[in-house]
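Engineer:
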Amino acid sequence: MTAQFDMMLAAACAAAYLLGSIPTGLLLGKACGIDVRHEGSGNIGATNLYRTAGRKVGVLTLIGDCLKGLAPVLAAHYYAPATDLAAWVGLAAFCGHVFSVFLRFKGGKGVATALGVFLALSPLAVAIALAVFLVLVLKWRYVSLGSVAAAAVMPLAVYVLHGGRAMLLVTGIVAAIVIVRHRANIKRLVDGTESKFKA
Numbered sequence: 146m147t148a149q150f151d152m153m154l155a156a157a158c159a160a161a162y163l164l165g166s167i168p169t170g171l172l173l174g175k176a177c178g179i180d181v182r183h184e185g186s187g188n189i190g191a192t193n194l195y196r197t198a199g200r201k202v203g204v205l206t207l208i209g210d211c212l213k214g215l216a217p218v219l220a221a222h223y224y225a226p227a228t229d230l231a232a233w234v235g236l237a238a239f240c241g242h243v244f245s246v247f248l249r250f251k252g253g254k255g256v257a258t259a260l261g262v263f264l265a266l267s268p269l270a271v272a273i274a275l276a277v278f279l280v281l282v283l284k285w286r287y288v289s290l291g292s293v294a295a296a297a298v299m300p301l302a303v304y305v306l307h308g309g310r311a312m313l314l315v316t317g318i319v320a321a322i323v324i325v326r327h328r329a330n331i332k333r334l335v336d337g338t339e340s341k342f343k344a
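Every number in our numbering is 145 more than the matching position in the sequence shown, counting from 1.
1) Let me know the secondary structure DSSP gives S245 once reduced to three states.
2) DSSP three-state label for K251, please.
3) Using a Cβ-Cβ cutoff of less than 7 angstroms, which residues in the same chain neighbour D180 once the five nearest sequence positions on both sides are dropped?
4) Could you check which residue in D336, L260, L230 has the C-alpha nearest to that of F150?
5) If you compare alpha carbons, which of I189, H307, L219 is closest to L205?
6) Would you be able to state if there are at least three C-beta pairs under 8 angstroms between the stretch 219–234 and the stretch 267–286?
7) Taking the beta carbon of K254 as the centre, do at least 16 other beta carbons fall within 10 Å, making it buried, or is it exposed?
8) If you draw a straight line from the alpha carbon of P168 to that of G214, how long is it in whole angstroms?
9) Does the Cβ of H242 have 16 or more other Cβ atoms within 10 Å, making it buried, or fewer, making it exposed?
10) Under 8 angstroms, do A157 and V262 count as touching if we go by C-beta distance?
11) Which residues mark the beginning and the end of the alpha helix (DSSP H) in which Y162 is found?
12) Got a sec, what are the start and stop residues for the alpha helix (DSSP H) I331 sits in?
13) Determine the DSSP secondary structure at D229, reduced to helix, strand or coil.
Set out below in C-alpha cells:
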C-alpha cells in the first residue's frame with residue numbers, strides 16, 4: 146500500500162508541476178502582441194499583465210494562475226481525501242509556476258497559484274490572509290506589501306486552524322518562497338520607489 150501511495154504521490158506531483166509550469170501570463174501577453182518579460186516589471190504575473198496589457202488580461206492571468214493551483218489539489222482531495230497527498234500536490238503546482246520547466250526554471254512570484262492551492266486546502270486561512278492583503282492594499286496601494294504580509298500570515302493561520310505537519314510544512318515553504326521572490330519589491334518599498342496599484 147505504501148509503495149502504491151508513493152507512486153501515486155510521485156505521479157500526481159509530476160502532473161501538478163507540469164500544469165503549474167504553464168506560463169499563463171506569458172501566453173496571454175503574447176496573444177496580445179507583447180512579451181511581458183520585457184514590459185513593466187518583467188514579471189509574468191497578474192499585476193504586471195494588468196499594468197502592461199490591460200485589466201481584462203490581468204484578470205484572466207489571475208484566474209488562470211489560480212486555477213493551476215486549485216485544480217490539481219481538488220483532484221488530489223477527490224482521489225485520496227484522507228491523506229496528505231493534496232498538500233504535496235499543491236506545493237508541486239506552486240513550484241511549477243515559480244520554477245517553470247518551460248521557462249528554464251524561472252517564473253512568477255507565485256501569489257495567485259498559492260491562492261488557488263490554499264483555496265482548496267484551507268479556505269478559512271485564505272480568508273484571513275485575504276483580509277490582511279485587502280486592508281494593506283486599500284490603505285497603501287502596494288500589491289507587493291499586501292502579498293508579502295498575506296504570505297507571512299498564512300503559516301500562522303494554518304497552524305491555528307489545522308496544525309497538521311504536512312500542511313504546516315507546505316504552507317511555510319510556500320510563504321518563504323513568495324516572500325523571497327518579492328525581495329526586489331521589499332527593497333523598493335524600503336527605498337520608497339515601489340509602484341502603487343492603480344485600479
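Just so you know, even glycine gets a beta-carbon here, dropped at the ideal spot from N, CA and C.
Structural biologist: Answer, in terms of the structure:
1) Counted from its first residue, the sequence shown places residue 245 at position 100. In the structure shown, S245 sits in a strand (DSSP, three-state: E or B).
2) Residue mapping note: residue 251 aligns to position 106 of the sequence shown, counting from 1. Look at K251 here: in three-state DSSP terms it is strand.
3) As a working note, residue 180 is residue 35 in the sequence shown. If we look at D180 and ignore the five residues flanking it on each side, its Cβ neighbours are G174.
4) Taking the first residue of the sequence shown as 1, we reach residue 150 at position 5. The option with the nearest alpha carbon to F150 is L230.
5) As a first step, residue 205 must be located in the sequence shown, where it is residue number 60. Nearest option by C-alpha distance: I189.
6) Touching, no.
7) The residue labelled residue 254 in the question sits at position 109 within the sequence shown. K254 comes out buried.
8) Translated into positions along the sequence shown, residue 168 becomes position 23. Translated into positions along the sequence shown, residue 214 becomes position 69. C-alpha separation (whole angstroms): 13 angstroms.
9) Numbered from 1 along the sequence shown, position 97 holds the residue referred to as residue 242. Classification for H242: buried.
10) What you label residue 157 is simply residue 12 of the sequence shown in a count that begins at 1. What you label residue 262 is simply residue 117 of the sequence shown in a count that begins at 1. Not a contact, by the Cβ cut-off of 8 angstroms.
11) Mapped onto the sequence shown, residue 162 falls at position 17. According to the DSSP assignment, Y162 belongs to the alpha helix (DSSP H) that extends over 147–166.
12) Position 186 of the sequence shown holds residue 331. Run containing I331: 328–336, per the alpha helix (DSSP H) assignment.
13) Walking along the sequence shown from the start, residue 229 turns up at place 84. In the structure shown, D229 sits in coil (DSSP, three-state: anything other than H, G, I, E or B).
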